[in-house]
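All letters in the sequence shown, in the order written, are residues -23 to -1, 1 to 199 by mature numbering (1 follows the signal peptide of the UniProt record, and there is no 0). First up is the structure itself, then whatever we jot down about it.
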Amino acid sequence: MKCLTGLFGVSALELCLLRPTLPFRLQPATRRFSPHSLRPRPITSTTSRRHTSILHASQVPLDNNNPPSAETAAAMADEDERAFLLLSNRKSLRQAEEEHRLRYEQRRRLAQQQQLRDENLSLTDSLIEKTHLSFKNVETMSENLFANRPLVALAIFVILGLTVAYLSGLVFLDGYISSLNPAQNGGVPYWNENVPTDEDSILLINSLHEIKDKLPSLRFWD
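Okay, structure coming up:
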């Protein structure tokens, strides 16, 4: 009996001495599972999105002696699925944000164009209204003038008609009507629009001018 007791004591002592070198793990885990480790890490301003690593539930060290319960396993699976969806949908989120920004820019540009069109229409309407009022005022003044002083009104309208005709002649006849003397217009009378370009016509006109200078009593252009 004493031998058996001593043998068991030696075996227990050897087991305690050889405990760190055993192939299996008898020591309790130093890092136990905690539900708080499943929370995602917050992304700060100093942390880059590209280099931010999300801790998966499958990467959490577990205790072999104390396996997680069914609720903990379900929470771990949900966390894994959430992390996978977050990583896979990052590109689609960026694309949706870009499309939203483009739609916003397009709506803002269309709103600005519509505002400019409305402003132009309002300016055009105001100009048309002012022009209409001016014509109404001129019409009223003309009616009053013809009713009170018809001779003065007739004289004013005749003078205005002659002025408009003279200015129209200056514009359309290219200034030839401003001088009745062809010599001042380069030898071309104001009623003739054909300007000589060949040498024979130029020599003929020059010879006619020389004859006119020698014989001032003759008037070739009358």
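Quick reminder that beta carbons are idealized off the backbone N, C-alpha and C, glycines included.
Hey, would you say L139 sits closer than 8 Å to A130, going by beta carbons? Not in contact: L139 and A130 (Cβ atoms no closer than 8 Å).
Inter-residue spacing [alpha-carbon to alpha-carbon] between L98 and K107: Their backbone Cα atoms lie some 14 Å apart in a straight line.
Under the three-state reduction of DSSP, which class applies to I188: helix, strand or coil? I188 falls in the helix class under three-state DSSP.
Reduced DSSP category for R126 - H, G, I as helix; E, B as strand; rest coil: Of the three classes helix, strand and coil, the one that applies to R126 here is coil, per DSSP.
Do you know offhand how far T101's Cα is from Q92's? Pairing T101 with Q92, the inter-Cα distance amounts to about 14 Å.
Using the Cα positions of I136 and L110, report the straight-line distance between them to the nearest angstrom. Their Cα atoms are separated by approximately 24 Å.
From the DSSP output, in three-state form, read off A52 for me. A52: helix per DSSP, three-state reduction.
Can you grab the Cα-Cα spacing for the pair P127 / K113, in whole Å? Their backbone Cα atoms lie some 19 Å apart in a straight line.
E96 versus L87: straight-line alpha-carbon distance, rounded: C-alpha separation (whole angstroms): 14 Å.
With H, G and I counted as helix, E and B as strand and the rest as coil, what does DSSP make of N97? DSSP places N97 in helix when its eight states are reduced to three.
Spatial neighbours of S184 within its chain, please: CB distance less than 6 Å, with the 5 preceding and 5 following residues excluded, ordered by chain position. None.
Helix or strand or just coil, what does DSSP make of N66? In the three-state reduction of the DSSP assignment, N66 falls in the coil class, being assigned neither a helical nor a strand state.
Straight-line gap, S155 to Q89 (C-alpha atoms, nearest Å): Low confidence applies to S155: its pLDDT is 47, below 50, so where it sits in the model is not reliable, and the reading given next is rough at best. Their backbone Cα atoms lie some 52 Å apart in a straight line.
State the DSSP-derived secondary structure class of R27, mapped to helix, strand or coil. Reliability fails at R27, whose pLDDT of 42 lies under 50, so the model's placement of it is uncertain and the value that follows must be treated cautiously. Coil.
Which value, in whole angstroms, describes the spacing of the CA atoms of R78 and N66? So the two alpha carbons sit approximately 18 Å from each other.
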